[in-house]
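Peer 1: I have a structure here, written as C-alpha cells, and I will follow up with some questions on it.
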Amino acid sequence: MNFYEHTIIARQDTSPSQLKQIQDKYADLVIKHDGKVVKAESWGLLNLAYLIKKNKKGNYIHFKIEGNGKTINELEKNEKIDKNLLRYLTVKVKKLDLKTNYFEKKIEEK
Numbered sequence: 007m008n009f010y011e012h013t014i015i016a017r018q019d020t021s022p023s024q025l026k027q028i029q030d031k032y033a034d035l036v037i038k039h040d041g042k043v044v045k046a047e048s049w050g051l052l053n054l055a056y057l058i059k060k061n062k063k064g065n066y067i068h069f070k071i072e073g074n075g076k077t078i079n080e081l082e083k084n085e086k087i088d089k090n091l092l093r094y095l096t097v098k099v100k101k102l103d104l105k106t107n108y109f110e111k112k113i114e115e116k
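First residue of the sequence shown: 7, per this note's numbering; consecutive thereafter.
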C-alpha cells in the first residue's frame, strides 16, 4: 500500500452540511476501493491565489490516505464530474505526518 495526501477545494458558497457530505462521500469512495482514510481535516475557507471559476475563496478538505493507484484513479474520476469542487490534488508521500496540523488555530500562552 502507498501513502497519499489528497486535497479538495470546494466552492466558497458550499454550506457546512454540504461540506460534510462531500467529505463523507469521498471517504466512503476510498474505503469502497480498498483504501483507508487515515486522517481527514477540514481547513476551512481560505483565499485562492487567483480566480478559479469566478471564486476568490475555497473550502479546503485534506485527506491522508493509504491505498493503491486504482483507489486514487477512482477518486479523481469522480471528482472531475463533481460541480461543487473547484480543484483537487493528490501527492504520493513516503510516510504520513499525522502529528502536524498546519491550519489549526494556535492558542497564545501568556
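We treat Cβ as the ideally placed atom computed from N, Cα and C, and that holds for glycine. Keep in mind that this is a model prediction, so the values were computed, not measured.
Which residue spans inside the stretch 9-96 form an unbroken beta strand (DSSP E) run of at least 3?
Peer 2: 42-58, 61-73
Peer 1: Measure the Cβ-Cβ separation of His68 and Glu85 and say whether it is below 7 Å.
Peer 2: no
Peer 1: Between the C-alpha atoms of Glu11 and Ser21, what's the straight-line distance to the nearest angstrom?
Peer 2: Computed Cα separation, rounded: 24 Å.
Peer 1: Compare the C-alpha of Val44 against each of Phe9, Gly64, Ile28, Ile58 and name the closest.
Peer 2: Phe9
Peer 1: Suppose the cutoff is 8 Å on Cβ atoms and the five residues either side in sequence are ignored; what does the same chain contact list for Gly73 look like?
Peer 2: Met7, Asn8, Tyr10, Val36, His39, Asp40, Gly41, Lys42
Peer 1: Of the choices Gln18, Leu57, Lys70, Asn61, whose alpha-carbon is the least far from that of Leu51?
Peer 2: Gln18
Peer 1: Using beta-carbon positions only, say whether Leu102 and Lys70 come within less than 7 Å of one another.
Peer 2: Their beta carbons are under 7 Å apart, which means Leu102 touches Lys70 by this criterion.
Peer 1: Would you identify the three-state DSSP class for Lys98, choosing helix, strand or coil?
Peer 2: Strand at Lys98.
Peer 1: Please go through the same chain and pick out, in chain order, the residues whose beta-carbon is closer than 7 Å to the beta-carbon of Arg93, but skip the five residues on each side of it.
Peer 2: Ile15, Ile58
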